[in-house]
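Enquirer:
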Amino acid sequence: MPTAARDRLIAAADRLFYAEGIRAVGVERLLAESGVGRASFYRHFPGKDELVVTVLGERLSRWRAALAADVSARGGGVLDVFDVLAEQATDAGFRGCAAINAMVEAADRGSVVHQVAADHKEQLAVYLQTLTGDAERAQELLLVVDGALVTSLRDPGAIGRARALTKRLMIARNGDVSAPTTTPPRTAPATPRPPASRRSRR
140 MPTAARDRLI AAADRLFYAE GIRAVGVERL LAESGVGRAS FYRHFPGKDE
190 LVVTVLGERL SRWRAALAAD VSARGGGVLD VFDVLAEQAT DAGFRGCAAI
240 NAMVEAADRG SVVHQVAADH KEQLAVYLQT LTGDAERAQE LLLVVDGALV
290 TSLRDPGAIG RARALTKRLM IARNGDVSAP TTTPPRTAPA TPRPPASRRS
340 RR
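Below is the structure:
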């Protein structure tokens with residue numbers, strides 16, 4: 140059952156883990172920042188790992204929901220994804236992708252933390268497929284998005300260039316980037332005309 144102490148722990152952990160890293164923030168720091176006592180901490184969470192899983196899962200869920208809402212508000216196109224990310228990157232507290240950061244720190248692919256982050260990427264790919272109309276192109280788009288988020292930590296123009304790259308690829312494939320999806324509609328083949336010798340003459 141949620142309590143004020145639990146909420147304070149989660150809020151402090153969410154802020155500190157994203158800003159400073161999961162490994163860099165210990166239990167003592169969390170207790171000091173949240174104002175929660177040690178006994179209360181362990182009543183709510185068996186240990187730090189369980190807190191990390193809860194905090195990371197909630198943050199990533201919020202992020203996906205916000206991305207979908209913001210992209211939809213801009214028109215629901217593939218390129219709108221990059222416009223939303225570029226806006227996020229201007230925030231002073233931007234530290235890149237929380238899922239990628241967590242996977243780097245939790246190098247063991249069998250860990251629960253790594254799995255939470257990996258599940259986020261899978262769900263993100265499912266969402267991107269609603270924009271691209273194609274599973275493979277959604278994976279390609281996710282690859283570009285991940286690269287842009289990582290590179291943006293050292294290069295503020297990375298997301299803009301990723302957008303331009305994606306636009307060029309869309310034009311090369313479809314010749315049009317105005318539609319929400321990148322999959323061109325299928326049209327029935329034209330009915331072949333009979334040879335001239337067989338056409339009726341008038």
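Residue numbers (the numbering used here): 140 to 341.
Ideal Cβ placement from N, Cα and C applies to all residues, glycine included.
A quick note: this is a predicted structure, and the numbers were derived from the prediction, not measured.
1. May I ask whether a heavy atom of the ligand NAP can be found less than 7 Å away from the beta carbon of Thr142?
2. Can you give me the start and stop residues for the alpha helix (DSSP H) that Ile310 sits inside?
3. May I ask which residues mark the beginning and end of the alpha helix (DSSP H) holding Thr269?
4. How would you call Leu282, buried or exposed, if buried means at least 16 neighbouring beta carbons within 10 angstroms?
5. Should Phe156 go down as buried or exposed, given a rule of 16 or more other Cβ atoms within 10 Å for buried?
6. Counting pairs of beta carbons, one from the region 198-209 and one from the region 161-170, are three or more of them closer than 8 Å?
7. Assess contact between the region 286-303 and the region 262-278, defined as three or more Cβ pairs (one per stretch) separated by less than 8 Å. Is contact present?
8. Beta-carbon within less than 7 Å of Ala274's beta-carbon, same chain only, minus the 5 sequence neighbours each way: which residues are those?
9. If we call anything under 8 Å between Cβ atoms a contact, is Met242 one with Ala256?
10. Counting Cβ pairs, one atom from each stretch, are 3 or more of them under 8 Å apart for the region 207-221 and the region 299-318?
11. Spell out a yes or no on whether the region 143-154 and the region 174-187 are touching, meaning 3 or more CB-CB pairs, one atom from each, closer than 8 Å.
12. Can Leu270 and Gly215 be called in contact, C-beta distance under 8 Å?
13. According to the Cβ coordinates, are Ala245 and Val252 closer than 8 Å?
14. Just curious, the alpha helix (DSSP H) that Arg168 is in, first and last residue?
15. Please say whether Gly232 and Ala163 have beta carbons closer to each other than 8 Å?
Expert: To lay it out plainly:
1. Among the components of this structure there are no ligands whatsoever, and the ligand NAP is therefore not found.
2. Annotation: the continuous alpha helix (DSSP H) that includes Ile310 extends over Ala297 to Asn313.
3. That run of the alpha helix (DSSP H) goes Val251 to Thr271.
4. Within a 10 Å sphere around the beta-carbon of Leu282 sit fewer than 16 other beta-carbons, which makes this residue exposed.
5. By the 10 Å Cβ count, Phe156 comes out buried.
6. Taking one beta carbon from each stretch, the region 198-209 and the region 161-170 have fewer than 3 pairs nearer than 8 Å; the two do not touch.
7. At 8 Å Cβ cutoff, the stretches do not touch.
8. Non-local beta-carbon contacts of Ala274 in its own chain, meaning distances under 7 Å to residues more than five positions away in sequence, involve Gln268 in chain order.
9. Yes, they are a contact pair.
10. At 8 Å Cβ cutoff, the stretches touch.
11. Yes, the region 143-154 is in contact with the region 174-187.
12. Yes, the pair counts as a contact, with Cβ atoms nearer than the cut-off.
13. Going by C-beta atoms, Ala245 is nearer than 8 Å to Val252.
14. DSSP places Arg168 inside the alpha helix (DSSP H), whose first and last residues are Val166 to Ser173.
15. With contacts defined by Cβ atoms closer than 8 Å, Ala163 and Gly232 do not form a contacting pair.
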